[in-house]
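Position 138 of the sequence shown, counting from 1, maps to 138 under full-length UniProt numbering, and the rest follow consecutively.
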Amino acid sequence: MKKIMIKNPVLVRFGMILVLALAISSIVSSFFLGSRMRQENVEMMEKTISVVEYTLNTDKPLQEQLQKVHASALDANVRVTIIAKDGTVLADSDLKNVDGMENHLDRQEVKEALEKGEGSSTRYSESLGQEMLYVAKLSEDGKAIIRMSIPYTGLFRYMIVVLPLLLVGMIVAFAVSVAVAARYSGYIRSDEIKRQMVQMERDRKIRQEFFSNASHELKTPITSVRGYAELLSQDFVKDEATRKDFLARILKETEHMTSLIDDILMISRLESKDAEVTLSKVNLKSVLDEVLESLTPQAASCKVEISGSCGNVILQASLQQMRELLSNLISNGIKYNHPGGHVWTKIWQEPEAVYIEVKDDGVGIDPEDQKRVFERFFRVDKGRSRKMGGTGLGLSIVKHITAYYGGSVRLTSEPGAGSTFFVEIPMSGINKM
Numbered sequence: 001m002k003k004i005m006i007k008n009p010v011l012v013r014f015g016m017i018l019v020l021a022l023a024i025s026s027i028v029s030s031f032f033l034g035s036r037m038r039q040e041n042v043e044m045m046e047k048t049i050s051v052v053e054y055t056l057n058t059d060k061p062l063q064e065q066l067q068k069v070h071a072s073a074l075d076a077n078v079r080v081t082i083i084a085k086d087g088t089v090l091a092d093s094d095l096k097n098v099d100g101m102e103n104h105l106d107r108q109e110v111k112e113a114l115e116k117g118e119g120s121s122t123r124y125s126e127s128l129g130q131e132m133l134y135v136a137k138l139s140e141d142g143k144a145i146i147r148m149s150i151p152y153t154g155l156f157r158y159m160i161v162v163l164p165l166l167l168v169g170m171i172v173a174f175a176v177s178v179a180v181a182a183r184y185s186g187y188i189r190s191d192e193i194k195r196q197m198v199q200m201e202r203d204r205k206i207r208q209e210f211f212s213n214a215s216h217e218l219k220t221p222i223t224s225v226r227g228y229a230e231l232l233s234q235d236f237v238k239d240e241a242t243r244k245d246f247l248a249r250i251l252k253e254t255e256h257m258t259s260l261i262d263d264i265l266m267i268s269r270l271e272s273k274d275a276e277v278t279l280s281k282v283n284l285k286s287v288l289d290e291v292l293e294s295l296t297p298q299a300a301s302c303k304v305e306i307s308g309s310c311g312n313v314i315l316q317a318s319l320q321q322m323r324e325l326l327s328n329l330i331s332n333g334i335k336y337n338h339p340g341g342h343v344w345t346k347i348w349q350e351p352e353a354v355y356i357e358v359k360d361d362g363v364g365i366d367p368e369d370q371k372r373v374f375e376r377f378f379r380v381d382k383g384r385s386r387k388m389g390g391t392g393l394g395l396s397i398v399k400h401i402t403a404y405y406g407g408s409v410r411l412t413s414e415p416g417a418g419s420t421f422f423v424e425i426p427m428s429g430i431n432k433m
């Protein structure tokens with residue numbers, strides 16, 4: 001059989017190409033997401049315009065009313081202008097007198113508002129020296145146009161948030177590529193090259209999809225934290241109770257991001273065959289007792305009873321991995337349950353393997369979803385999982401940990417009757433550790 005030598009530098013360069021491809025795809029995605037952020041700003045401004053319109057009395061001087069509304073309820077950077085249908089400026093929150101202001105009929109957002117009822121545009125303001133987002137809306141009586149403008153940094157502002165995630169993704173991708181290079185270095189039989197290239201392409205797609213999903217999952221809490229932080233930093237919130245509520249929300253979203261990042265790092269370590277894992281003699285009964293105790297508050301808040309039984313089962317394994325495996329399975333049974341429900345855990349050992357069974361009498365899983373529950377970021381009930389602080393990676397971590405020891409995990413479930421997860425870790429796999 002002919003042999004071809006593939007050296008590390010070749011695969012390292014290939015890894016760098018993968019990183020570059022990931023960076024390009026992420027930048028393209030950022031442009032699309034930046035457009036979505038602009039649309040969200042437009043929708044928020046349209047709602048604010050409706051509130052401003054509701055507070056105005058057209059029978060009284062608009063200029064004086066508008067300045068009072070601006071001073072009491074709007075941010076200093078927000079500017080509101082009321083324009084007649086012929087383009088004449090009737091009132092402006094930033095001016096004491098609107099006499100002499102140029103006609104606004106040629107403004108893009110005003111044209112769209114007259115044609116469609118609402119309009120928006122982004123352009124550079126010579127007077128303010130910065131990019132501005134303008135949103136205009138035709139009043140309910142159809143007699144005037146209310147326009148709002150705010151400073152708009154657009155995609156640049158979004159990239160400030162996304163750039164750290166992009167850099168982390170590139171570092172992880174490069175590290176994984178180097179690991180792949182080390183794994184496949186040396187001599188490779190020519191009939192294996194095609195198979196290995198196909199596998200590497202599959203791994204690349206998985207990493208790219210993983211990063212895309214991770215970015216999507218992190219975007220929601222990051223956007224929330226940014227929104228609350230901006231409101232607090234601009235002194236928009238006046239009462240102390242609301243301030244404390246916003247701070248609590250920021251803390252909650254931060255904890256969710258921390259959990260998500262921890263889960264992402266764990267999956268990355270499990271997928272890296274060269275990752276260093278600390279093995280020791282693990283008493284599964286002690287681990288089960290510890291996990292049950294740590295999950296008791298969560299179970300109590302959901303009004304779910306948890307219990308477990310375990311004999312004298314000791315195996316050579318990673319304490320952290322065994323703790324994660326049990327915690328994710330039992331926590332999953334708590335989340336997808338109902339008040340008055342139960343989660344039972346049973347662990348036992350036989351000559352050929354160690355067995356773990358986690359059973360609940362909760363909501364169950366539909367047959368079409370049962371094959372997907374071990375996929376990354378897949379949630380059977382997205383609303384329930386996010387409400388309970390889930391990351392969508394728990395069962396994927398269980399599958400990876402089980403596979404690390406040469407084992408398997410199976411699921412049986414019936415909608416409305418509950419689910420049972422059955423983990424088998426063969427002694428042959430444990431003894432190789």
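C-beta: ideal position from N, C-alpha, C; glycine also. Predicted model only: the values in this text are computed from it and were never measured.
For residue i, which three-state DSSP category applies?
i: Asp369; result: helix
i: Gln65; result: helix
i: Met132; result: strand
i: Ile17; result: helix
i: Tyr54; result: helix
i: Ser120; result: strand
i: Glu350; result: strand
i: His342; result: strand
i: Met101; result: coil
i: Gly383; result: Any answer about Gly383 is weak, because its pLDDT of 48 lies below 50 and its placement is not dependable; what the coordinates show is given next. Looking at Gly383 - three-state DSSP - the assignment turns out to be helix.
i: Tyr187; result: At Tyr187 the pLDDT is 44, less than 50, meaning the model places this residue with poor confidence; the figure from the coordinates comes in the next sentence. Three-state DSSP puts Tyr187 in a strand.
i: Glu357; result: strand
i: Val304; result: coil
i: Thr223; result: helix
i: residue 508; result: For residue 508 there is no data in the structure shown, the boundaries of the chain being 1 and 433.
i: Gln39; result: helix
i: Lys252; result: helix
i: Leu279; result: coil
i: Val363; result: coil
i: Val198; result: helix
From which residue to which residue does the alpha helix (DSSP H) around residue i run?
i: Gln298; result: 284-301
i: Glu109; result: 108-116
i: Lys399; result: 394-404
i: Ala335; result: The question names Ala, but residue 335 in the sequence shown is Lys. Note, Lys335: alpha helix (DSSP H), 319-335.
Nearer than 7 Å: is that true of the beta carbon of residue i relative to any heavy atom of the ligand GDP?
i: Asp75; result: No copy of the ligand GDP occurs in the structure displayed, which carries no ligand at all.
Between residue i and residue j, how many whole angstroms is the CB-CB distance? I'm expecting something under 8 Å.
i: His104; j: Gly87; result: 5 Å
i: Lys137; j: Ile145; result: 7 Å
i: residue 436; j: Ser280; result: Residue 436 lies beyond the residue range present for the chain, which begins at 1 and ends at 433; the question has no answer from this structure.
i: Glu109; j: Arg147; result: 6 Å
i: Ile356; j: Val423; result: 4 Å
i: Val52; j: Val69; result: 6 Å
i: Asp94; j: Arg79; result: 5 Å
Measure from the alpha carbon of residue i to the alpha carbon of each residue in the options, then state which is nearest.
i: Val277; options: Pro297, Arg372, Met322, Leu247; result: Met322
i: Lys143; options: Leu114, Val135, Met132, Tyr134; result: Leu114
i: Pro415; options: Val423, Asp369, Ile17, Ser396; result: Asp369
i: Ile250; options: Met266, His400, Glu230, Val291; result: Glu230
i: Leu20; options: Asn57, Ile171, Asp106, Glu118; result: Ile171
i: Gly227; options: Asn41, Phe422, Phe421; result: Asn41
i: Asn57; options: Asp99, Arg36, Arg79, Glu140; result: Glu140
i: Leu284; options: Asp366, Lys252, Ile425; result: Ile425
i: Arg243; options: Glu253, Lys252, Leu232; result: Leu232
i: Glu305; options: Thr55, Ala317, Pro339, Glu290; result: Pro339
i: Met101; options: Ser121, Glu109, Ala91, Ser120; result: Ala91
i: Met45; options: Glu290, Glu375, Thr81, Ser327; result: Thr81
i: Leu329; options: Gly341, His342, Lys359, Arg107; result: Lys359
i: Glu290; options: Met200, Ser307, Asp75, Lys303; result: Ser307
i: Gly418; options: Gly362, Tyr405, Lys252; result: Gly362
i: Gly119; options: Glu375, Thr402, Asp106; result: Asp106
i: Lys96; options: Thr122, Ile24, Leu66, Tyr124; result: Leu66
i: Ile49; options: Leu265, Gly117, Leu395, Ser396; result: Gly117
i: Ala84; options: Thr402, Val78, Leu62, Ala76; result: Leu62
i: Ser396; options: Ile267, Thr420, Thr296; result: Ile267
i: Ile222; options: Gln196, Thr254, Met37, Leu288; result: Thr254
i: Met37; options: Tyr54, Ala76, Thr55, Tyr152; result: Tyr152
i: Leu288; options: Pro297, Ser301, Gln316, Thr345; result: Thr345
Got a sec, what are the start and stop residues for the beta strand (DSSP E) residue i sits in?
i: Glu126; result: From DSSP, Glu126 is part of no beta strand (DSSP E); its letter is neither H nor E.
i: Glu375; result: Premise fails: Glu375 is in no beta strand (DSSP E) and is neither H nor E.
i: Gly418; result: 418-426
i: Asp86; result: Careful: Asp86 lies outside any beta strand (DSSP E) and carries neither H nor E.
i: Glu140; result: Segment: none, Glu140 is in no beta strand (DSSP E) and carries neither H nor E.
i: Ser93; result: Run containing Ser93: none; DSSP gives neither H nor E here.
i: Val78; result: Looking at the DSSP string, Val78 is not in any beta strand (DSSP E), and its letter there is neither H nor E.
i: Val409; result: 408-414
- Task: Pair every Cβ in the stretch 331-345 with every Cβ in the stretch 408-416, then say whether three or more of these pairs are closer than 8 Å.
- Result: no
- Query: Given 8 Å as the limit, is there contact between the stretch 297-314 and the stretch 344-351, that is, 3 or more CB pairs closer than that?
  - Reply: yes
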